[in-house]
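One structure is given below, encoded as structure tokens.
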Amino acid sequence: MAEHFDIAVVGAGTAGAALAAALDGSGYRIALIDPGTPAIAPSGKIDGRVLALSAGAHELLQACRAWPALNHERVQPYAHMRVWDSENDAHIAFDAQAFGRAQLGWIVEETHLVAALHAVVAECTEVRPYWQRRIAHLAAHERPLRVRLDDGTRLTADLVVGADGAQSAVRERAGIDVTRHDYHASAIVCRVEVAGDHTDTAWQRFLPSGPLAFLPLADQAFSIVWSTREPDALLALDDAAFITRLSTAIGPPLDGIEHVGTRRAFPLARIQATRQLEGNIVLVGDSAHRIHPLAGQGANLGLADVASLSHELKQAAEHKRPASHPAALARFERSRSAPNLGMALSMDAFDQFFATDSPALSALRGAALDTANRAVFLKRLFAETAAG
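Take 201 as the starting number for the sequence shown in this note's numbering and just add one per residue.
Shown next as structure tokens:
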């Protein structure tokens, strides 16, 4: 006999676990399915993938009890951001105080955040986790939806939410197409220790090969994200040679690099689902959209999906409607389609604008950055968009 749930969430990463936690107490019974095991909070030096979280993401994580569950000695708020072009002296500076805020955002290790979310999920009364399980079959057009896991467990659900990443099995089984754009570049990520105290500031320099970001960590170091077309050559360098290349690429005041951690690279591509809703199946997070990391907005878009979907589902629950209520799901998709596509296309435009190496475009970029830096209303618009 298949056990019935109102909602089956597939994927217990940042978006999936946050959705399950946000919906606890709504009255819906929720299955949370993931091939992994509950994440363990990291210890030691911060040396993993980090997320730059916006005010909107922070608000959601507070509401679903994950923010208080974090070890705040491993969370770095930043109040300033500096962005400049390597081809000229133009720059733009953002300062939280100018916008009436204490900080622009927070840098958090992904594994740390997921561990906090999993700790919350473990205490949720309406969420049943299915760890170390994968979906083997999803009857997408039956009502209720029928799900079979790879260990033979059978479930039914009124609504299935795909939060299972860029290679989403739920998306494939729902028959939702994607558009893909290969940037023909990779991002190198590693921990970097720099002389001096710069860690209340996020830094980004646009190079002809792509953007280079230094994101401040809570232990006075940085996590870098270096978009490059020569990842293999940079990975092959010894630490001393890599430090020399990195110091030249970033320039002052961050060129006093003293140590680098383990380097990792991953290919850059944009993946955009043609829609986030198909029948009683919804996509959130990377299952629906993966964008260029140059603005650090990927996790924030996913958590904005979660905030919108959880809001609509809670409203439906209050009116005693099923989780598959068509009007609620349609409102969710309408609320997210324009912001998600708009951000993806904006990142494409920024990448092309700053990566094109010509004197005319360099002058245009310089003028654009200088104009934006002097225009308070433009900086406020950028900051509010990034804040979610």
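We treat Cβ as the ideally placed atom computed from N, Cα and C, and that holds for glycine.
Model, not experiment: these values are computed from the prediction.
The beta carbon of Ala369 sits closer than 6 Å to those of Ile335, all from its chain and outside the five residues before and after it, given in chain order.
Shown here for Glu512: same chain residues with a beta carbon closer than 6 Å to its own, the five before and five after excluded, namely Ala528, Arg531, Phe532 in chain order.
Counted as a single uninterrupted DSSP element, the stretch harbouring Ser409 is not any alpha helix (DSSP H), since DSSP gives it neither H nor E. Residue environment for Thr237: exposed (fewer than 16 other C-beta atoms within 10 angstroms of its C-beta). Per DSSP, the beta-bridge partners of Trp284 are His291, Arg405.
For His318, no beta strand (DSSP E) encloses it; the enclosing alpha helix (DSSP H) starts and ends at 310-322. Under the three-state reduction of DSSP, Leu261 is assigned to helix. Closest by C-alpha distance to Leu501, out of Val425, Ala544, His459, Arg534, is Ala544. Per DSSP, the unbroken beta strand (DSSP E) holding Phe466 starts and ends at 464-473. The criterion of a C-beta distance shorter than 7 Å is not satisfied by Val321 and Ala215. Taking the Cα positions, Gln297 is about 42 Å away from Val360.
Cβ contact annotation for Ala366 (same chain, cutoff 6 Å, sequence separation greater than five): Ile471, Asp486, Arg490, in chain order. Taking C-alpha positions only, Ile376 is separated from Val347 by approximately 18 Å.
Per DSSP, the beta-bridge partners of Pro416 are Phe422. The shortest C-alpha to C-alpha distance from His272 to any of Ala421, Ala316, Asp350, Cys324 is the one to Ala316. The beta carbon of Asp351 lies closer than 7 Å to those of Arg333 in the same chain, with the five residues before and after it left out. By the criterion of a C-beta distance shorter than 6 Å, Ser524 is surrounded in its chain by Asp358, Leu359, Asn480, once the five residues flanking it on both sides are discounted.
Under DSSP, Gly305 forms a beta bridge with Tyr278.
Under the criterion of beta carbons closer than 8 Å, Thr399 and Leu417 qualify as touching, at roughly 7 Å.
For the segment 339-405, the full-length alpha helix (DSSP H) segments reaching 4 residues or more read 369-374 along the chain. Taking the Cβ atoms as the reference, Leu415 lies roughly 12 Å from Ile450, outside the contact range of under 8 Å. In the same chain as Leu477, and ignoring 5 residues on each side of it, the C-beta atoms closer than 6 Å to its own belong to Leu529, Glu533, in chain order. In the structure shown, Val506 adopts helical secondary structure according to DSSP, grouped into three states. Residues of the same chain with a CB within less than 6 Å of the CB of Ala374, apart from the 5 flanking positions on each side, are Ala340, Glu478, Ile481 in chain order.
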